[in-house]
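Residue numbers (my numbering), protein chains in the order written: chain A, 1 to 234; chain B, 235 to 841; chain C, 842 to 1029. Cβ coordinates follow ideal geometry from the N, Cα and C atoms, glycine included. As the structure is a computational prediction, the values presented were derived from the model and not from experiment. Each remark here refers to the structure printed beneath this line.
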Amino acid sequence: MRLQLRNVNRVFRTKAGSVDAVHDVSLNVEPGEMVAITGRSGCGKTTLLNLMGGIDRPSSGSILVGGWTLGELSVRDLARVRRNSIGYVFQDFNLIPTLTAAENVAMPLELGGMKPRPAAEQAREALAGVIERDVADAFPDELSGGQQQRVAIARALVGERSVLLADEPTGALDELTAEVIMRMLFERAQRGAAVVVVTHDPGQAAWADRVVRMSDGVIVETTERSATPTELPV
Amino acid sequence: MTGWIPGPIWKMARRDITRNRRRWFASAGLIAVAVAAGVYATSSTILADDESAYLDYWYLNARTVLSVSLYGESTNDGVVSVDDFEGDISQIVDRYGVPSMRVVERYGSEDFVTFVDFAHPLAEGHSPLSRGRLPGFGEVMVPGWGPYSIGDTVDVPGLGDREVVGVYRDGLWRGVISPEPAPDLRKDVLLAEVRLMYARELDGQSAPTGPNSIPLGWSVELAPLDRDSPVAFSPYAGIRGAGVTGLAAAFVALMVSAVFVVRLRSQLRELGLMAAAGGGEPRHMLLLYLVMGGLVGGVGAVCGGILGIGLFQVSMGLGIYPWNYFGVSNPDHAWFRLEYLAPMLTGIVAAIAASAIAAWQASRLSVLDALNSFIPSRKPWRFSGAAGISFLLVGFIFASTAWNATGRLGLALGAVAAIGILLGIGSLGVAGISALERTIPNLPLWIRMAVRDANRHRARSGLAAVTISVVLVAAGLSSIQYVEWLPVLLYGPGLPLWLMGLVALIGTVGLFVYLAMSEVERTVTLVGAVGAVPRSRKLYSGATALVLIVTAAIPGIPAFGLLVLFSGNPAARSLVAIAGLGAVTLVVPVLVGLTSSTQTRRRVARV
Amino acid sequence: MSVKDGLLALLRTGPKHGYQLKIDFDEAAGDTWHLNFGQVYTTLQRLRRDGLVDEVDTDVEGRTTYRLTDQGSVVADRWFTTPVERTVDNRDEVSLKILIALKDPGLEIAEVLRVQRVNTMKALQDFTALRANRQEEDLRWTMHLDRLVFLAEAELRWIERTEERLRVPPDQKGVSDAVAVAQRQPSL
């Protein structure tokens, strides 16, 4: 599913005046593409991600996910689009502590009205190859940070969902676990998902096909990887 | 179940309860106590026959052999001489040889009516079975459900239709009928109201005869009591059960709703995840809390039902009959009655209602705020103090009108009054908390922290203030006898509301301090770690309790005082003075805080 | 490091002839440092002269096999047990360019930084993709790419830090905080 942003603005009004958190941003993320948004803290990258995910609304401009224009949807329809199309992965505390790994993955399906049994089956399918079979029924507090992130990724793409938004997904992890998680996102993109990762870490951003750098709410530069790097660029 | 409630919601609600046992079992326990009280109050039964059977049953078991109500100036309690009464009761004295009588009941808020009770030799070995009147001695009281008016015809058990010649009411409507014209009644004797119970043949024993026997004014035909008559639900038990259940459930719901509000605050991230990552809709959040409320209520209702039935059976075994009307011994030892379902259902409804505030808040959360565990703090409304006073005034105006109204009108007015008073207390509570914050700069650290915490979490502290105020008001109500629109106070003076209020007060403060502590655990630990204060928890909880009580007292004490003022009880009136003093002492720090805050502001401005 | 230390270290696992040593060295270096045979040969001669290695024999194809002498073993062991001294590389071109650019008021230094950053980022992306796309497990290759990734990251971080130091005067640091606070305001 394609993600399109056209001249998106997000203005926050405070007592001190208004702040352009996101200013005139246009960006396309195609299916099968992994895009990283990077920049200093406060540059508007998380706000931009929240706009893409429909948990925040643009002040102007349009955001299209699939055929939907997010800004025009009701709270309820927005929730439906999130449920059916968009997966989210946060830095930490991604999982609902009172639901097992499999139930966390099945949550969006069941909230969408799917019967528990087929939902559980789909969740297990999504979890297969992500974590060991025997931890699917473990509760989040019994999982390591890396396992939790992997479950979150499985949840993000369960069912028909094909847009994966990740906000500092490796911020709370050690180097090697972080690499496993980034590789997982990378592979999801290769298999056709549209993946957007927000990170301040250039090492994590480098996993993306395209790195978008933001500063003061504006996209200042975009870096694209060589089409198919096969040998060292020396 | 899963068709209507999505699986994750159901599981989250269920596991939240099993995982936070202390919190939810305390809540379910509160519900259980309310339900148990309701079940116990509903448990008394009567014989099914009809009201006459019921009344016979009453007389059969009456402690009082002869009860004479005398209208007269009585200024003291204890043993009174017949000379203490203005009316001429020489006939009574002559006839029964009663030189002095024991005052068993002071009746009404005015001072001239006294119930007098004396034992009579007639009582020995016999139960008085019927009632009538002494010739020449006025009227027979007909307890009933009224309202009666003069001129009405009342079907008096055993007597048939009688005309009502006088009406008065205390908690209960009583029509005064005149069984037959008594033209020769003297005026002062007319004022004396005599309730007599006639001896009657019972179980083969004949009525006593002799100089001390009571002459019958007419013959009364009473069917022998049918002991095999089926047991029926007593309407009095129904009213009393409804009242007790209603009051207890409302009070408990207030407390439990605070638990839910606190839970919501610690669960914001989960709700955010549900919305952002799970595509949860507002209705799902709403449902989550309502389901939790239902579960807590269900557990509480079942436990409460068992507790109430157990209490009833134990007290039956001990010979203590639950509150039966006029001391009727309870003919029914049944373990379960369908009527118990009413308080149990009320418990569930109360728990769901308690979860409603949190549920509503949850459904209105912004996804982003929830994800960041952030609740935007709202400034207290500037006029909340004035609004609180206005609400209170309106509430009391309605209350005073409701006082004299009866039936549905009285109930409606009473409800409006209660809502007004609650709103008033709530607004004053909010105003009080924010006023407290202004007193801060010169207070000790722990109190400063507790005050700020109370101010930031107004949903919790405001509820605490309201609950504690309600307790105070309830204690105030206990000094008022015969409040018609509160069924639980039907036989008012008997209910030790002040004692219940005290227990509830301690319980409420304890619960809210516990809630505050669980919410600021991190802060307290942090302060303990930084400042190396080993008693930080104790200090903090003490300060929180203090702040809660002070906050609650701001609206609570005047409300209490006004209620007491209404009661017209001289002892209560002196309490008003104390309450007034208390209120004044509370106003002082608030005023100091107000002025000191302006000073600080000026200082800042100058810099 | 010198080639000398490397060859001595490779001989610890047993006698090897010169060509084998070259192959092993290239493989260990992850194909990033290719020795020519002459360099191997002259180094071996020098080691032999210093008494660190001696010749074992020469096979039919005329290849001489070398092994460590006792003294050579000591030197090889010492190389592993002593840390490499940190030397500050002051001659890195990127830093030199930027430091010189600082002195030139006519230059748009932000642009200099940006151009370099885009380039380094691209390299970093390519390294990462190379590492990710390598299907078979090749630990040495991966380790080498890791190193390149970290070096590029370090350079990127340095550029970013420099940019920040130049761009945001300390008293305006609060601006981004204001944004952070503003972003928490209720929105839906």
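Does any CB atom of chain A fall closer than 8 Å to the CB of residue i?
i: B/A510; result: yes
i: B/V601; result: yes
i: B/L507; result: yes
i: C/A850; result: no
i: C/R955; result: yes
i: B/P577; result: no
i: B/M751; result: no
i: B/M246; result: yes
i: B/G666; result: no
i: B/E718; result: Residue placement at B/E718 cannot be trusted, given a pLDDT of 34 that sits under 50; what the coordinates show is reported in the next sentence. Chain A contact via Cβ: absent.
i: B/R461; result: With a pLDDT of 46 at B/R461, under the threshold of 50, the predicted position of this residue should be treated as unreliable, though the coordinate-derived value follows. No, because no Cβ of chain A sits closer than 8 Å to the Cβ of B/R461.
i: C/E868; result: no
Name the DSSP bridge partner or partners of residue i?
i: A/G87; result: A/L164
i: A/D20; result: A/V11
i: A/S60; result: A/N9
i: C/H985; result: In DSSP, C/H985 forms no bridge with anything.
i: C/L848; result: BP columns for C/L848 are empty, so no partner.
i: A/M34; result: A/V195
i: A/M214; result: A/I219
i: C/H1109; result: Shown here, chain C extends from 842 to 1029; a query on residue 1109 of chain C therefore has no answer.
i: C/D895; result: C/R908
i: A/E224; result: A/R210
i: A/W68; result: A/V65
i: A/V25; result: A/V8
i: A/A128; result: A/I131
i: A/L3; result: A/V29, A/V65
In chain A, what lies closer than 8 Å to residue i by C-beta?
i: B/M526; result: Result: empty, since nearest Cβ-Cβ is about 11 Å, beyond 8 Å.
Out of the options, which one is the CA nearest neighbour of residue i?
i: C/D997; options: C/K845, C/Q966, C/T983; result: According to the sequence displayed, residue 997 of chain C carries Leu and not Asp. For C/L997, the nearest C-alpha among the options comes from C/Q966.
i: A/I63; options: A/V35, A/R83, A/S26, A/D92; result: A/S26
i: B/G581; options: B/V490, B/S624, B/L627, B/S600; result: B/V490
i: C/I1000; options: C/G947, C/L940, C/D891; result: C/L940
i: B/V628; options: B/R694, B/V650, B/F617; result: B/V650
i: A/G44; options: A/A206, A/G203, A/D167; result: A/D167
i: A/R237; options: B/Q547, B/R598, B/S277; result: Residue 237 of chain A lies beyond the stretch modelled for chain A, which goes from 1 to 234, so this question has no answer here.
i: B/N606; options: B/A509, B/A271, B/L773; result: B/A509
i: A/N104; options: A/M114, A/D137, A/N7; result: A/D137
i: A/R6; options: A/S18, A/S59, A/K15, A/G42; result: A/S59
i: B/G513; options: B/G658, B/D687, B/V601; result: B/V601
i: B/F632; options: B/L656, B/S618, B/A620; result: B/L656
Can you tell me whether residue i sits near the ligand ADP, meaning its C-beta is under 7 Å from at least one heavy atom of the ligand?
i: C/P924; result: This structure simply doesn't include the ligand ADP, nor any ligand for that matter.
If you measure from the beta carbon of residue i to each beta carbon in chain B, is any gap under 8 Å?
i: A/D56; result: yes
i: A/L157; result: no
i: A/M107; result: yes
i: A/P169; result: no
Verify the CB distance criterion: does residue i have a CB-CB separation below 8 Å to chain C?
i: A/R150; result: no
i: A/S211; result: It should be pointed out that residue 211 of chain A corresponds to Val in this sequence rather than to Ser. A/V211 counts as touching chain C.
Note down, in chain order, every chain C residue with its Cβ under 7 Å from the Cβ of residue i.
i: A/T223; result: V959, M962, K963, Q966
By the criterion of Cβ-Cβ separation under 7 Å, what are the contact partners of residue i in chain A?
i: C/T969; result: A206, W207
i: B/D250; result: T98
i: C/G997; result: Residue identity check: residue 997 of chain C is Leu in the sequence provided, not Gly. Going along chain A in sequence order, the residues near C/L997 (Cβ under 7 Å) are P202.
i: B/H518; result: L111
Which residues in chain A have a C-beta closer than 9 Å to the C-beta of residue i? List them in chain order.
i: C/V990; result: G203, A206
i: B/G744; result: What B/G744 touches in chain A: nothing, since even the nearest Cβ is about 27 Å away.
i: B/R253; result: P97, T98
So which residues on chain B does residue i lean against when the C-beta distance must stay under 8 Å?
i: A/N28; result: Residues of chain B passing the Cβ test: none, with the nearest at roughly 22 Å.
i: A/G112; result: G513
Interface residues of chain B around residue i at Cβ under 9 Å?
i: A/R191; result: Residues of chain B passing the Cβ test: none, with the nearest at roughly 20 Å.
i: A/G87; result: A511
Name, please, each residue of chain F whose Cβ falls closer than 8 Å to the Cβ of residue i.
i: C/A973; result: Although the question refers to chain F, the structure presented lacks it and instead comprises the protein chains A, B and C.
Margin query: Give the list of continuous beta strand (DSSP E) stretches no shorter than 3 residues that lie fully inside the segment 131-207 of chain A.
Written below: 163-167, 194-198
Checklist line | Any alpha helix (DSSP H) of 4 or more consecutive residues that is wholly inside the segment 497-537 of chain B | finding: 502-510
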